[in-house]
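Before any comments, here is the structure.
This is the structure we're talking about:
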């Protein structure tokens, strides 16, 4: 009964547009709609799905990497594929920002998809739409399409606007709200951590106090913290990888939220969802208790995120190569 009441309260937080059917592709939502390429490139979705499936079969971690790539793109200047641009005469790549350097990945998979789409439908499918389609992992949802690609990048925005693992909860919520995303989006999208890995450097501060003899964060389960310290020493091993979901790291489910309740949320940004806000804690508990509710909200929040400031119509361009502008310099 308590869970049902929480769920009703959660639904009240969702934007009316989403509840009206944005997940099903409301054609007026941001100028995007799922059937955008039905005539111009009818096999676009099939091509993206096939190449992503092959990439994930080669390396399971790639599913999480592609979701994260879309996330890091949308939080900077909107969902415009700016994150894919390499350095050039006029562009300082977002790939060199603090959140992205030696961290985001999956660019080769995007390149492979782009080559296949340019062969099938030259100059038709944007890199921004490729990112949105490639990130569709876990529960199914219709991806609104019709984005165009940016003509620039913003390393400053990448450094400042992407939520960080050690951000406070108010900071994380503020970064989401600036983009029109709400509390439900914060917690539901955090659930993407049910797959993937994180580097030691992203959570080391939770494992050691100043003397190095004990934990700095008493919200961590003691045995879990001891296990983490074995592979994440006080110094060194920055790039050592650990599953964000210690139970089922390759399966999209709701164990991420169950882990948080058990003191096994890996990142500080995971733990604060439970300990720093009654509102976010209620959502963590609701998703831990009801996987279908989590799937529903995750799908809706991915649509919401994917519709952040898209370029449409004659804005931007359709890049032939996702790493550079068409008038490459």
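Residue numbers (mature numbering (1 follows the signal peptide of the UniProt record, and there is no 0)): -20 to -1, 1 to 309. A virtual CB, placed ideally from N, CA and C, is assigned to each residue, including glycine.
**Q.** Inter-residue Cα distance where the pair is residue 180 and residue 173
**A.** 15 Å
**Q.** Cβ-based neighbour list, residue 289, same chain, cut-off 6 Å, excluding 5 preceding and 5 following
**A.** 58
Q: Can you say whether residue 109 is buried or exposed, counting buried as having 16 or more other CB atoms within 10 angstroms of its CB?
A: buried
Q | Contact set for residue 25: own chain, Cβ-Cβ below 7 Å, skip 5 residues either direction | A | 113
Q) Is residue 21 closer than 7 Å to residue 99 when the C-beta atoms are compared? A) no
Q.
Residues in the same chain with beta-carbon distance under 8 Å from residue 259, minus the five sequence neighbours each way, listed in chain order, please.
A. 163
**Q.** Those residues which DSSP pairs with residue 304 across a bridge
**A.** 301
(Q) Residues in the same chain with beta-carbon distance under 6 Å from residue 44, minus the five sequence neighbours each way, listed in chain order, please. (A) 175, 176
**Q.** Cβ-based burial, residue 182 [other Cβ within 10 Å; buried from 16]
**A.** buried
Q: Assign residue 280 to buried or exposed, taking buried as 16 or more other Cβ atoms, counted over all protein chains shown, within 10 Å of its Cβ.
A: buried
Q. Rounded to the nearest angstrom, how far is the Cβ of residue 16 from that of residue 125, given a contact under 8 Å?
A. 4 Å
Q) Just checking my contact of residue 253 with residue 167 at CB under 8 Å: how many whole Å lie between their CB atoms? A) 6 Å
Q.
Out of 305, 283, 71, 220, which one is the CA nearest neighbour of residue 11?
A. 283
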